[in-house]
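Single-structure report; data block below.
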Amino acid sequence: MKLREIKVGLMLLLPWQEAWAAEAFSFNRAHLHGAAQVDLQKYQYGNPLHAGQYRSTLSVNGRDLGEETFVIQEHDGQLEPCISPSLFDALQLKDAQWPTAATCLRFSQIDKAIGWEYDSGENVLRVNMPQALLQPIIGGR
Numbered sequence: 331m332k333l334r335e336i337k338v339g340l341m342l343l344l345p346w347q348e349a350w351a352a353e354a355f356s357f358n359r360a361h362l363h364g365a366a367q368v369d370l371q372k373y374q375y376g377n378p379l380h381a382g383q384y385r386s387t388l389s390v391n392g393r394d395l396g397e398e399t400f401v402i403q404e405h406d407g408q409l410e411p412c413i414s415p416s417l418f419d420a421l422q423l424k425d426a427q428w429p430t431a432a433t434c435l436r437f438s439q440i441d442k443a444i445g446w447e448y449d450s451g452e453n454v455l456r457v458n459m460p461q462a463l464l465q466p467i468i469g470g471r
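For the sequence shown, counting from 1, position 50 maps to 380 in the numbering used here; every step adds exactly one.
As structure tokens, this is what we get:
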């Protein structure tokens, strides 16, 4: 009886896995007045990121560190945040110093293990980095 309940439960979950996959959006141009000449392909998987200056919440490993201004730049065909000295300080990196000649660093220049994503809907720059790179937080602050 227990095995049958598990099978039924799994069968009920299987149809929902399709809903979790990232699906492309399609737009009906008939509903978009004046959009005949607009290329909507770049919006097919959500809002695309563009190069430019942003002011957003900075979140490091799920911990919000407040609002920061940063620049998204293209480098080798990829868009990446340009880490300024103030953003570098806000990251609270352990044993890291700003290179005196630099005006902008990429996360990959700091450490290849650092990942990032920009959520335009929530206006958050989410940075994920190994704990070993961060200053220890004493007293749970």
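Using N, Cα and C, we set each Cβ at its ideal position, and we do this for glycine too.
In the DSSP assignment, find the unbroken beta strand (DSSP E) run with residue i in it and report its ends.
i	result
ILE440	Where ILE440 is concerned, there is no enclosing beta strand (DSSP E), although the alpha helix (DSSP H) it sits in stretches over 437 to 440.
ASP406	Segment: none, ASP406 is in no beta strand (DSSP E) and carries neither H nor E.
GLU447	445 to 449
GLN383	382 to 390
Whole angstroms are fine: how far does the CA of residue j sit from the CA of residue i?
i	j	result
LYS437	ASN453	Before going on, a small fix: residue 437 reads as Phe here, not Lys. The straight-line gap from Cα to Cα measures roughly 19 Å.
PRO466	GLU398	21 Å
GLY451	ALA432	31 Å
ALA351	TYR448	Note that ALA351 has pLDDT 46, beneath the 50 cutoff, so the model's placement of it is unreliable and the number below is only indicative. Approximately 20 Å, taken between the alpha carbons.
LEU423	GLN461	10 Å
Assuming residue i is part of the alpha helix (DSSP H), what are its boundary residues?
i	result
SER416	415 to 420
Does the separation of the CB atoms of residue i and residue j fall below 9 Å?
i	j	result
VAL401	LEU464	no
GLN403	PRO415	no
LEU455	TRP446	yes
ALA426	LEU388	no
GLY380	LEU417	According to the sequence as given, residue 380 is His; it is not Gly. No; because the gap between Cβ atoms is not below 9 Å, this pair is not in contact.
In this structure, how does DSSP classify residue i when only helix, strand and coil are distinguished?
i	result
GLN461	helix
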